[in-house]
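Number of protein chains: 2
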Amino acid sequence: MSPAGAGRRTPRRTRQRQAVADLLAAHPGFISAQRVHSLLAEGGIEVGLATVYRCLAQMVAGGELDTIVAESAEVLYRRCSADHHHHLVCRRCGTTVEVHDPQVESWADGVARAHGFADVNHRVEVMGVCRACAL
Amino acid sequence: MSPAGAGRRTPRRTRQRQAVADLLAAHPGFISAQRVHSLLAEGGIEVGLATVYRCLAQMVAGGELDTIVAESAEVLYRRCSADHHHHLVCRRCGTTVEVHDPQVESWADGVARAHGFADVNHRVEVMGVCRACAL
DNA sequence: ACGTACATGAGAACCATTATCAGTTACCTC
DNA sequence: GAGGTAACTGATAATGGTTCTCATGTACGT
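Chains A and B supply the protein sequences, listed in that same order.
Take the first sequence: its position 78, counting from 1, is numbered 106 in this note's numbering, and each next residue is one higher.
Take the second sequence: its position 117, counting from 1, is numbered 145 in this note's numbering, and each next residue is one higher.
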């Protein structure tokens, strides 16, 4: 087909990949690869751990998932909208709100420019306890 | 003696602890524990890896160091001021500028409150290429 | 239905970090 | 200055998340 990999190949449709995608689609907050694996196992769906990692990595590469790094240094995944945004995460239940706010974007750019930095990106995470968990 | 030193023991003065502290004091950007260990070794100062980790952890606990988690999920350390701030990091040379700006603090609080989140903290990191590296 | 390139998975490898524990040493007391 | 002790050190093992290996399986174009 296309020589020199002009496009990326279409991933094959397997029950494992489907199971991981379905679980992520249904999960409201960030979740670790290990937990994806055990949740699938609990649901009677056997998927190898290596395969879980592979599927998640591919979904991240394809822009379907966002990642954050927990304090324990494990990577957490979540299905997110494609455009730039940040996260407001409940540290009790993991419920996550996407925050789209140009204010913080221009703040970051301003700070960087003030110090002569170019080619800027940034990462913002806000953590707290959501209304439901605070009760 | 530290005033209000309720329960804090004075760390013993050893050549290992001194070596780690000196290296961090002289280092301009964030650095990993592994790299601290190898830099000391290159300088002919033998310090066990476990001891490097211990010293760094104690310095973090004592508020002498800040940490961030790199994309590779390894923890990076840097000597920082004690009060709350964020970092502007050059992704080429690692040079870091501390950013003290109440604007982003109130932004984070406002976002959290708007969604009913309480007990909020946040993490902000801005990455770019500093003036020297952009040349 | 066939063939094959891509996908899978069990387990090994990897890597940063932490725990173990016997030997060392800074520092207080006399 | 000598001595005792609790803190410190470091070689090594253990841990835990993630990635690699490679033999086997399978989706999908033909």
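Beta carbons: idealized from backbone N, C-alpha and C, even for Gly.
What you are looking at is a predicted structure, and each value in this text was computed from that prediction instead of being measured.
Nearest to residue i (by Cα), restricted to the options the options
i, options, result
"Ala140 of chain A", "B:Glu133, B:Phe145, B:His115 and B:Cys121", "B:His115"
"Ala69 of chain B", "B:Arg82, B:Gln44 and B:Gly90", "B:Gln44"
Between the CA atoms of residue j and residue i - distance to the nearest angstrom
i, j, result
"Val171 of chain B", "Ser60 of chain B", "This structure cannot settle anything about residue 171 of chain B, because the visible part of chain B is limited to 29 through 163."
"Cys118 of chain B", "Asp147 of chain A", "10 Å"
"Ala110 of chain B", "Ile73 of chain A", "49 Å"
"Gly122 of chain A", "Cys161 of chain B", "39 Å"
"Glu2 of chain B", "Gly144 of chain B", "Lying outside 29 to 163, the shown extent of chain B, residue 2 of chain B is not represented and no answer is given."
"Gly71 of chain B", "Leu163 of chain B", "31 Å"
"Arg159 of chain A", "Ala142 of chain B", "11 Å"
"Thr42 of chain A", "Glu99 of chain B", "29 Å"
"Leu77 of chain A", "Pro39 of chain A", "18 Å"
"His55 of chain A", "Gly138 of chain A", "36 Å"
"Ser107 of chain A", "Arg107 of chain B", "One detail in the question is off: residue 107 of chain A reads as Arg in this sequence, not Ser. Each residue's alpha carbon lies about 36 Å from the other."
"Ser134 of chain B", "Thr124 of chain A", "20 Å"
Neighbourhood of residue i by C-beta distance below 8 Å, restricted to the same chain and skipping five residues each side
i, result
"Tyr105 of chain A", "Leu52, Phe58, Ile59, Ser60, Ala61, Val64, Leu84, Met87, Val88, Leu93, Asp94 and Thr95"
"Val157 of chain A", "Cys118, Arg119 and Arg120"
"Gln131 of chain A", "none"
"Tyr81 of chain B", "Ala61"
"Cys97 of chain B", "Position check: residue 97 of chain B holds Val in this sequence, whereas Cys was assumed. Once the five neighbours on either side are set aside, the close Cβ partners of Val97 of chain B are Val103 and Leu104."
Proximal residues to residue i (C-beta, below 7 Å), its chain only, five neighbours per side dropped
i, result
"His113 of chain A", "Glu126, Val127 and His128"
"Leu67 of chain B", "Leu51"
"Ala136 of chain B", "Val148 and His150"
Cut-off 6 Å between Cβ atoms - residues of its own chain near residue i, not counting five sequence neighbours on either side
i, result
"Thr79 of chain B", "Gln44"
"Gly91 of chain B", "Ala110"
Closer than 8 Å, Cβ to any Cβ of chain B: which residues of the segment 142 to 163 of chain A, in chain order? Per Cβ criterion, the list reads His143, Gly144, Phe145, Ala146, Asp147, Val148, Asn149, His150, Arg151, Val152, Glu153, Val154, Met155, Gly156, Val157, Cys158, Arg159 and Ala162.
Compile a chain-ordered list of the residues in the segment 47 to 63 of chain B whose CB is closer than 7 Å to at least one CB of chain A. With the criterion set as a beta carbon lying under 7 Å from some beta carbon of chain A, the segment 47 to 63 of chain B has no members that meet it.
Meets three-Cβ-pair contact criterion under 8 Å: the segment 148 to 162 of chain A and the segment 43 to 62 of chain B: No: the two stretches stay apart, fewer than three of their Cβ pairs being nearer than 8 Å.
Going along the segment 63 to 92 of chain B in order, which residues come within less than 8 Å of chain A, judged by CB to CB distance? Residues: none.
Determine which residues of the segment 128 to 143 of chain A have a Cβ less than 8 Å from any Cβ of chain B, and write them out in chain order. Within the segment 128 to 143 of chain A, Asp129, Gln131, Val132, Trp135, Ala136, Val139, Ala140 and His143 place their CB atoms closer than 8 Å to a CB of chain B, listed in sequence order.
Members of the segment 98 to 116 of chain B near chain A, C-beta cut-off 8 Å: Residues are counted here when their Cβ sits less than 8 Å from a Cβ of chain A; for the segment 98 to 116 of chain B these are Glu99, Ala101, Glu102, Val103 and Leu116, given in chain order.
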